[in-house]
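Counting in numbering that gives the first Met the number 0, the sequence shown runs from 0 upward without gaps.
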Amino acid sequence: MAKKQIKQILRILFIIASISSLWFVPWILVKAWILPLPNTVQEQVNKALDYDFDGMIVYVEQAGKQPEYYAAGWHDRKNKIPAYPQALFKIASITKLYVAVATTKLVKDGRLSLDKTLADYFPELAGRIQNSDKITLKLMLQHRSGIPNFVDHPDYWSKPPKNKQETLEYALDLPADFQPNEDYGYSNTNYMLISDLIDKTLGYSHQQYIKEEILIPLNLKNTFGSLHEVNIDDVMSGYYVGVEEDLKNEFSGLMIATTEDVGIFLRALNDGSVFNEGEQEIYSSVYEYKHTGLIVGYQSIAEYHKDIDTVIIQFNNTTNFNGYNWNLAEIIYNRIVKIVKKNSNT
């Protein structure tokens with residue numbers, strides 16, 4: 000068979016395979032991705048409501064310019080309160096950035112050591128977490144410990160833990176996901192234990208330390224350790240697709256902040272102004288400079304874009320773990336980034 004014929008057959012097979020694969024493409028994602036890019040961020044935020052998002056808030060801060068704020072949808076759909084940029088929001092795993100900075104400061108002060116192990120710091124857990132004598136604080140910060148993620152426990156969602164100890168129980172007495180430092184595995188258990196370690200080291204709450212060492216120096220007056228510290232009406236409601244109930248009061252112990260406060264913190268994290276001398280080198284060796292957050296009813300993306308010297312924060316208050324909400328949120332975020340880049344070049 001001639002080479003030309005072989006190439007034609009291969010081309011036909013490729014086309015057939017491509018057409019067949021389209022049957023499995025989630026078209027809602029394709030639609031969100033290929034639609035013409037709006038001219039403004041506000042238009043894109045408005046269009047987010049077409050994809051089952053109840054509300055969205057976006058913060059854009061370009062160096063040398065005043066911050067810009069955008070909102071669409073509902074802050075509280077039951078009471079018909081429109082979304083507004085100054086609302087408080089559960090930032091979920093974005094909290095890990097604050098915990099990592101706090102840990103860095105304590106390491107620099109000599110109060111914690113990156114090389115000490117989980118067994119050193121929590122001897123009572125030595126027999127309940129595999130490889131605890133090999134898992135260092137550094138590996139926990141890097142998600143390279145192999146400690147199981149408590150949210151992956153089969154009973155976590157059907158029988159939600161009532162307190163921190165019950166939460167930890169969902170990660171104890173299980174085989175390691177992998178040997179320490181042999182792989183990467185994102186695990187909320189790592190940062191729950193690190194938060195407990197900070198509490199134990201200080202003799203008081205890590206949230207108080209974060210307030211004293213991070214929030215106050217940066218003048219962040221709209222960042223809080225839990226729902227108990229705020230007026231509940233100021234917190235954006237959270238929703239799950241198909242469920243009428245407002246999930247605002249669930250998971251009350253999570254950090255809460257406005258997009259602006261998260262944006263100011265993220266700028267300080269990336270330009271190094273949140274650190275004292277010698278701290279940034281430590282931080283860069285253990286954690287990242289951007290993050291996302293996901294909890295029932297709340298999704299968030301926080302990232303600094305070096306090429307345009309811009310911080311962009313996106314909060315949306317609707318989740319659907321069995322659907323495409325997270326993917327849609329990322330597509331919307333990336334489109335907003337494109338709009339900001341396009342407009343910054345005009």
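Virtual Cβ for every residue (Gly too), placed ideally from N, Cα, C.
All values derive from a computational prediction rather than experimental measurement.
Worksheet item: Are the region 167 to 178 and the region 84 to 93 touching, with three or more C-beta to C-beta distances below 8 angstroms?
Response: Look at the beta carbons and you see the region 167 to 178 not touching the region 84 to 93: under three pairs across the two are nearer than 8 angstroms.
Would R334 be called buried (16 or more neighbouring beta carbons within 10 Å of its own) or exposed?
-> Counting of Cβ neighbours within 10 angstroms places R334 among the buried residues, the total reaching 16 or more.
Three-state secondary structure assigned by DSSP to W156: If DSSP states are grouped into helix, strand and coil, W156 belongs with coil.
Ordered along the chain, which non-local residues of its own chain (more than five positions away) have a Cβ less than 7 angstroms from that of Y190?
K95, V98.
Determine the contact status of F149 and T188, defining contact as a CB-CB distance below 7 angstroms. In this structure, T188 lies closer than 7 angstroms to F149 by Cβ.
Q. Are there 16 or more other CB atoms within 10 angstroms of the CB of R110, so buried, or fewer, so exposed?
A. It is exposed - the Cβ of R110 has fewer than 16 other Cβ atoms within 10 Å.
| field | Nearest-angstrom Cα separation, counted from Q41 out to S20 | value | At S20, the pLDDT of 43 sits below 50, so the modelled position is not reliable; the number obtained from the coordinates is stated separately. When only Cα atoms are considered, S20 and Q41 end up about 34 angstroms apart.
> What number of angstroms, rounded off, separates the C-alpha of L293 from the C-alpha of S299?
Replying inline: When the Cα atoms are used, L293 and S299 turn out to be separated by approximately 7 angstroms.
Check your understanding: What residues are listed by DSSP as bridge partners for K89?
Key -> Beta-bridge pairing links K89 to I255.
Candidates D308, D51, Y83, L117, of which the one nearest S366 by Cα
One cannot answer for residue 366 here, as it falls past the ends of the chain, which runs 0 to 345.
message = Here's a check: name, in chain order, each residue in its chain whose Cβ is nearer than 7 angstroms to the Cβ of G224, leaving out the five neighbours to either side.
response = Residues Q206, M254 of the same chain have their beta carbon placed closer than 7 angstroms to that of G224, with the five preceding and five following residues left out of the count.
ask   = Which one of A256, D198, G126 has the shortest CA to CA distance from I56?
value = In this structure, A256 is the residue among A256, D198, G126 with its C-alpha nearest to the C-alpha of I56.
Starting from N315, trace the beta strand (DSSP E) in both directions and tell me its first and last residue. Where N315 is concerned, the enclosing beta strand (DSSP E) stretches over 309 to 315.
Shortest alpha-carbon distance to G126 belongs to which of V240, D182, A170? Considering only V240, D182, A170, the residue with the shortest C-alpha distance to G126 is A170.
Integer Cβ distance of K107 from I281, believed to fall under 8 angstroms
Between I281 and K107 the Cβ distance is about 6 angstroms, and since that is below 8 angstroms, they are a contact.
Tell me, which residues are paired with L293 by DSSP? As computed with DSSP, L293 is found in a beta bridge with Q298.
Nearest-angstrom Cα separation, counted from D245 out to N315: Rounded to whole angstroms, N315 to D245 spans 14 angstroms at the Cα level.
Can you tell me which of the three DSSP states V98 falls into? DSSP places V98 in helix when its eight states are reduced to three.
| message | Contact defined as beta carbons within less than 8 angstroms: I believe P66 pairs with G271. What is the distance between those atoms, to the nearest angstrom? | response | Contact flag wrong, Cβ pair sits at about 20 angstroms.
### Query
What is the rounded straight-line gap between the Cα of T200 and the Cα of E211?
Each residue's Cα considered, the two are about 16 angstroms apart.
Under the DSSP definition of a beta bridge, which residues are partnered with E67?
In DSSP, E67 forms a bridge with V59.
| query | What did DSSP end up calling I349 once you bin it into helix, strand or coil? | reply | With the chain represented from 0 up to 345, any question about residue 349 goes unanswered, as that position is not in the structure.
Who are the Cβ neighbours of N218 in its own chain at under 6 angstroms, not counting the five residues just before and after it?
-> Excluding sequence neighbours, N218 sits near nothing in its chain.
**OP:** Over the uninterrupted alpha helix (DSSP H) stretch that includes I42, give me the two end residues.
**Re:** The sequence shown places Glu at residue 42, not Ile. Judged by DSSP secondary structure, E42 falls within the alpha helix (DSSP H) whose first and last residues are 40 to 46.
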